[in-house]
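Protein chains in written order, with this note's numbering: chain C, 24 to 507; chain U, 297 to 391; chain Z, 434 to 913. The C-beta atom is built at its ideal place from N, Cα and C for all residues, glycine as well. As the structure is a computational prediction, the values presented were derived from the model and not from experiment.
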Amino acid sequence: MHNKSISELAAGLRSGEYSSVELTRYFLDRIKDYDGQLNSFITVCEEQALEQARLADERIKAGEGGQLIGIPIAHKDIFCTDGIKTSCGSKMLDNFVSPYDATVVERLKQSGVVMLGKTNMDEFAMGSSNETSWYGPVKNPWDTEAVPGGSSGGSASAVSAKLCVAATGTDTGGSIRQPAALCGITGLKPTYGRVSRYGMIAFASSLDQAGPMASSAEDAAILLQAMAGFDKRDSTSAQKEVADYVSGLDNDLTGLRIGIAREYFGEGLDSEVEQSVRAAIEKYRELGAEIVEISLPNSGLSVPVYYVVAPAECSSNLSRFDGVRFGYRCEDPADLEDLYKRSRTEGFGAEVKRRIMIGAYALSAGYYDAYYLKAQQIRHLISDDFKNAFEQCDVIMGPTSPTTAFKLGEKADDPVTMYLSDIYTIATNLAGLPGMSIPCEPVAGMPVGLQLIGNYFDEARLLNIAHKYQTVTDWHKQRPEGYS
Amino acid sequence: MSLTPDDVQKIAHLAKLAVSEEEAGSVAGDLTNILGLVEQMQQVDTTDVLPMSHPLHMTQRLRTDEVNEQDQREKFQSIAPATENGLYLVPKVIE
Amino acid sequence: MQWETVIGLEIHAQLATKSKIFSAASTAFGAEPNTQACNVDLGLPGVLPVLNEEVVKMAVRFGSAIEAELGKRSVFARKNYFYPDLPKGYQISQFELPIVGKGHVEIRLDDGAVKTVGVTRAHLEEDAGKSLHEDFHGMTGIDLNRAGTPLLEIVSEPDMRSAKEAVAYARKIHQLVRYIGICDGNMQEGSFRCDANVSVRPMGQEKLGTRAELKNINSFRFLERAINFEIERQVDVIESGGEVVQETRLYDANKDETRSMRSKEEANDYRYFPDPDLLPVELDDELIKSIASTLPELPDAKRDRFASEYGLSEADADQLTASIELADYFEQVAKACGDAKLTANWINVELTAALNKSDMELGESPVTADLLAGLLARITDKTISGKIAKQVFEAIWNGEGTADDVIEAKGLKQITDSGAIEKIVDEVIANNPQQVENYQNADESKRPKMLGFFVGQVMKLSQGKANPQQVNELLNKKLG
Numbered sequence: 024m025h026n027k028s029i030s031e032l033a034a035g036l037r038s039g040e041y042s043s044v045e046l047t048r049y050f051l052d053r054i055k056d057y058d059g060q061l062n063s064f065i066t067v068c069e070e071q072a073l074e075q076a077r078l079a080d081e082r083i084k085a086g087e088g089g090q091l092i093g094i095p096i097a098h099k100d101i102f103c104t105d106g107i108k109t110s111c112g113s114k115m116l117d118n119f120v121s122p123y124d125a126t127v128v129e130r131l132k133q134s135g136v137v138m139l140g141k142t143n144m145d146e147f148a149m150g151s152s153n154e155t156s157w158y159g160p161v162k163n164p165w166d167t168e169a170v171p172g173g174s175s176g177g178s179a180s181a182v183s184a185k186l187c188v189a190a191t192g193t194d195t196g197g198s199i200r201q202p203a204a205l206c207g208i209t210g211l212k213p214t215y216g217r218v219s220r221y222g223m224i225a226f227a228s229s230l231d232q233a234g235p236m237a238s239s240a241e242d243a244a245i246l247l248q249a250m251a252g253f254d255k256r257d258s259t260s261a262q263k264e265v266a267d268y269v270s271g272l273d274n275d276l277t278g279l280r281i282g283i284a285r286e287y288f289g290e291g292l293d294s295e296v297e298q299s300v301r302a303a304i305e306k307y308r309e310l311g312a313e314i315v316e317i318s319l320p321n322s323g324l325s326v327p328v329y330y331v332v333a334p335a336e337c338s339s340n341l342s343r344f345d346g347v348r349f350g351y352r353c354e355d356p357a358d359l360e361d362l363y364k365r366s367r368t369e370g371f372g373a374e375v376k377r378r379i380m381i382g383a384y385a386l387s388a389g390y391y392d393a394y395y396l397k398a399q400q401i402r403h404l405i406s407d408d409f410k411n412a413f414e415q416c417d418v419i420m421g422p423t424s425p426t427t428a429f430k431l432g433e434k435a436d437d438p439v440t441m442y443l444s445d446i447y448t449i450a451t452n453l454a455g456l457p458g459m460s461i462p463c464e465p466v467a468g469m470p471v472g473l474q475l476i477g478n479y480f481d482e483a484r485l486l487n488i489a490h491k492y493q494t495v496t497d498w499h500k501q502r503p504e505g506y507s
Numbered sequence: 297m298s299l300t301p302d303d304v305q306k307i308a309h310l311a312k313l314a315v316s317e318e319e320a321g322s323v324a325g326d327l328t329n330i331l332g333l334v335e336q337m338q339q340v341d342t343t344d345v346l347p348m349s350h351p352l353h354m355t356q357r358l359r360t361d362e363v364n365e366q367d368q369r370e371k372f373q374s375i376a377p378a379t380e381n382g383l384y385l386v387p388k389v390i391e
Numbered sequence: 434m435q436w437e438t439v440i441g442l443e444i445h446a447q448l449a450t451k452s453k454i455f456s457a458a459s460t461a462f463g464a465e466p467n468t469q470a471c472n473v474d475l476g477l478p479g480v481l482p483v484l485n486e487e488v489v490k491m492a493v494r495f496g497s498a499i500e501a502e503l504g505k506r507s508v509f510a511r512k513n514y515f516y517p518d519l520p521k522g523y524q525i526s527q528f529e530l531p532i533v534g535k536g537h538v539e540i541r542l543d544d545g546a547v548k549t550v551g552v553t554r555a556h557l558e559e560d561a562g563k564s565l566h567e568d569f570h571g572m573t574g575i576d577l578n579r580a581g582t583p584l585l586e587i588v589s590e591p592d593m594r595s596a597k598e599a600v601a602y603a604r605k606i607h608q609l610v611r612y613i614g615i616c617d618g619n620m621q622e623g624s625f626r627c628d629a630n631v632s633v634r635p636m637g638q639e640k641l642g643t644r645a646e647l648k649n650i651n652s653f654r655f656l657e658r659a660i661n662f663e664i665e666r667q668v669d670v671i672e673s674g675g676e677v678v679q680e681t682r683l684y685d686a687n688k689d690e691t692r693s694m695r696s697k698e699e700a701n702d703y704r705y706f707p708d709p710d711l712l713p714v715e716l717d718d719e720l721i722k723s724i725a726s727t728l729p730e731l732p733d734a735k736r737d738r739f740a741s742e743y744g745l746s747e748a749d750a751d752q753l754t755a756s757i758e759l760a761d762y763f764e765q766v767a768k769a770c771g772d773a774k775l776t777a778n779w780i781n782v783e784l785t786a787a788l789n790k791s792d793m794e795l796g797e798s799p800v801t802a803d804l805l806a807g808l809l810a811r812i813t814d815k816t817i818s819g820k821i822a823k824q825v826f827e828a829i830w831n832g833e834g835t836a837d838d839v840i841e842a843k844g845l846k847q848i849t850d851s852g853a854i855e856k857i858v859d860e861v862i863a864n865n866p867q868q869v870e871n872y873q874n875a876d877e878s879k880r881p882k883m884l885g886f887f888v889g890q891v892m893k894l895s896q897g898k899a900n901p902q903q904v905n906e907l908l909n910k911k912l913g
């Protein structure tokens, strides 16, 4: 049952083969059976999930359409959920029961999904391996010695092991695509502004974007359809009509121009990963696409730029965690300064504090121009690179991550090496473009992700391109052993 | 750019974080490494390049001046560390 | 040594919107603590700001009123610092690109001279909450109802040279923001707050002295006192060989002194940067034009018009245009009764005194413009004398009806029948032979003063109702 797609499950729910309550119980049981080793959930909401499932069954019985009604999914624990703990992977928010719903949560609720629980993540989404979570690292179902990627590692691991049908994730520098690649699932980071950020705990406001993580492009399309759209509570939300992501999935790819950037195939890319990615691109040629060489000359600077912009924004975004109105507060503060310093020092983990300090430094008097302003200028150049590239091609393809999943602890002590694992995904966030990762041929039994980068608001085309590949290959159907 | 433990203390103070004397050295090392990565930016000539603070070229949308938030004090304060008579409590603020 | 004072003001005007600058919570004053602080105002994780349209329009109104350059593209920035009444750990303000650029206002000095004071800029920002220091077991209580209330911070050039000039400028801005309806100007409730940057320098020196920023000033009187205290303090410091320190000082009205705010002394590095949650605000010419076209007649223009159109003195015109409500009241009465000078006099003297005595605002006055016009009409048509009119005014104030009602009920109609007056005059002359004799023997020059006795007697007998002019004429005639 867990290998069925959303549309298959929706059909089963409608034919009465099983009810949403049964489906929900089934996945709750899988979580019980397997999550002990994966640690992909921070919170499992059994009671609420079953209640939502009961309501979904009523809606289905009443003849309501909507493929998501009664489908059990999970939310990354970065989305505020009314009445349910929302930790953001941090001790700081271990006691935070959100008093409101994020827009993404609200929309999916309305479309009838059942929320099984909240998935584990790097603390405040800062990490590429899920090792910075206060709730302990998440394991990769393909190799429990390996990381699932991050920061949406819990969602990726849970979808990969089919502990839920699909999940939400967020992506600030690759946090949907990189774990999707490392866990062998399909993940999409939409155009900045396509999905509301309201109620999504901010890491770097000008880069953060929520998106679906699923077993196929088709499932991702169904989920995105429910998530996307203008939200008046988010000033950066795009007032642009949402495309139909499902109806064009089967569109023919003849004449599609695929841009290959030489910068994405350079030093640091694992040669077997490269082979797998090139083979996938070759498959597209067979589907009628043509390959265009493009260049993204400033892409090498995206990591440096990102590690100024994201920390700068996060240093300010995370100032609200001060032990006054919610969240962790230290014991017996001696005075106000002590309250602030101890609450924050005890509540935040090492990586979060490191980024807050880098950000505070980059914005401080005397350094602003050399760091923050400079980074925002180069960001413009990086964005212009893409603009030029999309005059020559319709989609850019390359690897999502330079390697397959690395071992737990392998990079944990070396922040800079860890940062470089997002080298291919970060530029998309800086430019605000949509990006996707889909599974291609695994290397040594570990998943590899093919990255697709589209033009602004071109999610429908990305999903179409991904879906066509998935109709002629079955890499996305391969499952890690031991989770049947 | 190489940060000293003293620099670290200054930044930590701005960010309201406590860094012990023992930690300051290793934190300075970590931050210096990151700044080393960031340093590559200085190779690029950005004369006359406009800074880009938003990915999309949009302008601010305006909200109609209407009150439609209800009082939710009880709910909001149920998750607060310390309150009394509807106020959030903090150690005495000296002006 | 001769010292010159240099003063610049930063005025925070709370914009009179219904909802907050970035949230839909109410801005009403005086609610129970934290009942008007929604999740956005509290800075809960995940919340986002959305800008209030009215706030932008009000800033444009102000910019148009001071003939300022308007920022076609303005940007919100975050000012980062930790304080318990600042929920997000940053204040959303404007830094590099404010919505209102350089403008100016004119102030009138005591000697009648006009001085132009430059406005450097005016920018939008959110207010912080309030810290309540009464004892909660040694803790401070935080009320965030005010957090997120829209403010327009109006920054002047350092153009003022005395406390009096600073007060004149502050009053001018106060008058202006109320005229254009963007701020209620209530200083007690904190809707209009002034911070003063004060420095002194030797007369003739170009370089500015080190300045102190004075805070916590909630009336114009205190503004003048605080600045004067500070000038004296700085001169004393320098003359006794010390140096003025750049710092923030709190004005203590009880002690009438300023003192250093130690908690804010440490150098702040606010790390301003563009707020990524908000986008640039763009103003198009159409919007600016349409807002400018709805501006009312501004105080200076109105004052000049009152002087020329109604023939009022500068002082009267000034006083009557202090607020738009007062000016409207005046025009309504003046038009109805037809005598502008009489109207000006009555408003500036009687009405003002009555309002002051009862501690009332014009809007609360029981004597409405219609009622006052009715009263003044009875003076101009000689139904009653000015003296009787004061009695009638009091009765109207006490709710006894219109002027006509009161005159009728109390029988106060002036006696203008010359036969009736003559009868009373004759009676007075007959009853006071000694005074008549004295009068007739007196030197010509002393007579007018002596006549007053007889007038008084006639008025007494007529219960004040005899027409004074006719009484005078008759007495002159009869006494020779």
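query, result
"What's the C-alpha gap between Ala449(Z) and Ala454(C)?", "39 Å"
"Glu590(Z) and Val550(Z) - do their beta-carbons sit closer together than 8 Å?", "yes"
"Are any of the Cβ atoms in chain U nearer than 8 Å to that of Ser746(Z)?", "no"
"With 8 Å as the C-beta to C-beta threshold (strictly closer), list the residues of the region 34 to 62 of chain C near chain Z in chain order.", "none"
"Where does Gly551(Z) fall in DSSP's three states?", "strand"
"Any Cβ of chain U within less than 8 Å of the Cβ of Leu728(Z)?", "no"
"Work out the CA separation of Lys597(Z) and Ala787(Z) for me, nearest whole Å.", "28 Å"
"Does the region 704 to 711 of chain Z come into contact with the region 344 to 359 of chain U, if we say contact requires no fewer than three beta-carbon pairs (one atom in each stretch) closer than 8 Å?", "yes"
"Alpha carbons only, please: which of Leu386(C), Leu324(C) and Arg280(C) is nearest the one belonging to Gly477(C)?", "Arg280(C)"
"What does the Cβ neighbour count give for Met236(C), buried or exposed, with the cut at 16 atoms within 10 Å?", "buried"
"Measure from the C-beta of Pro202(C) to each C-beta in chain Z and report whether the shortest distance is under 8 Å.", "no"
"So which of Ala203(C), Tyr307(C) and Leu396(C) has the shortest CA-CA distance to Ser180(C)?", "Ala203(C)"
"Determine which residues of the region 313 to 347 of chain U have a Cβ less than 7 Å from any Cβ of chain C, and write them out in chain order.", "Leu313, Ala314, Asp326, Leu327, Asn329, Ile330, Leu333, Val334, Gln336, Met337, Val340, Thr342, Val345, Leu346 and Pro347"
"Against chain Z, with Cβ distances strictly below 8 Å, would Val363(U) count as a contact?", "yes"
"Using the rule of at least 16 other Cβ atoms within 10 Å of the residue's Cβ for burial, across every protein chain shown, is Val678(Z) buried or exposed?", "exposed"
"Could you please give the first and the last residue of the uninterrupted beta strand (DSSP E) stretch that includes Val466(C)?", "Gly458 to Val466"
"Hey, quick one: how far does the beta strand (DSSP E) through Ile440(Z) stretch, first residue to last?", "Trp436 to Gln447"
"Take every Cβ of the region 142 to 149 of chain C, pair it with every Cβ of the region 46 to 55 of chain C, and state whether three or more of those distances are shorter than 8 Å.", "no"
"Provide the residue span of the alpha helix (DSSP H) that contains Phe64(C), from first to last.", "Segment Phe64 to Val67 is the beta strand (DSSP E) holding Phe64(C); no alpha helix (DSSP H) there."
"Look up Asn163(C) in the DSSP assignment and give the residues it is bridged to.", "Asp166(C)"
"Can you name the residues of chain Z whose CB is closer than 9 Å to the CB of Glu336(C)?", "Phe706 and Pro709"
"Okay, do the region 490 to 499 of chain Z and the region 610 to 621 of chain Z touch, 3+ Cβ pairs below 8 Å being the bar?", "yes"
"Where His570(Z) and Thr193(C) are concerned, what is the direct C-alpha to C-alpha distance, given to the nearest angstrom?", "43 Å"
"Got a sec? Which residues, its chain only, sit under 6 Å from Val600(Z) by beta carbon, not counting five neighbours each side?", "Phe653, Leu656 and Glu657"
"Quick check: what's the CA-CA separation for Gly345(U) versus Asp445(C)?", "For the record, residue 345(U) in the displayed sequence is Val; it is not Gly. The straight-line gap from Cα to Cα measures roughly 25 Å."
"Applying the criterion that 16 or more other CB atoms from any shown protein chain within 10 Å of the CB defines a buried residue, is Glu698(Z) buried or exposed?", "Low local confidence applies: a pLDDT of 45 at Glu698(Z) is under 50, so the model's placement there is unreliable, with the coordinate-based value given in what follows. Glu698(Z) is exposed by the Cβ-count criterion."
"Are any of the Cβ atoms in chain Z nearer than 8 Å to that of Asp303(U)?", "no"
"Quick one, are the C-beta atoms of Phe763(Z) and Leu753(Z) less than 8 Å apart?", "yes"
"At a Cβ threshold of 8 Å, is Thr355(U) touching chain Z?", "yes"
"Once DSSP output is grouped into helix, strand and coil, what is the label at Pro503(C)?", "coil"
"Against chain U, which members of the region 568 to 600 of chain Z pass a CB distance test of less than 7 Å?", "Phe569, Gly571, Met572, Thr573, Gly574, Ile575 and Asp576"
"Output, in chain order, the set of chain Z residues within a Cβ distance shorter than 8 Å of Ser387(C).", "Asp702 and Arg704"
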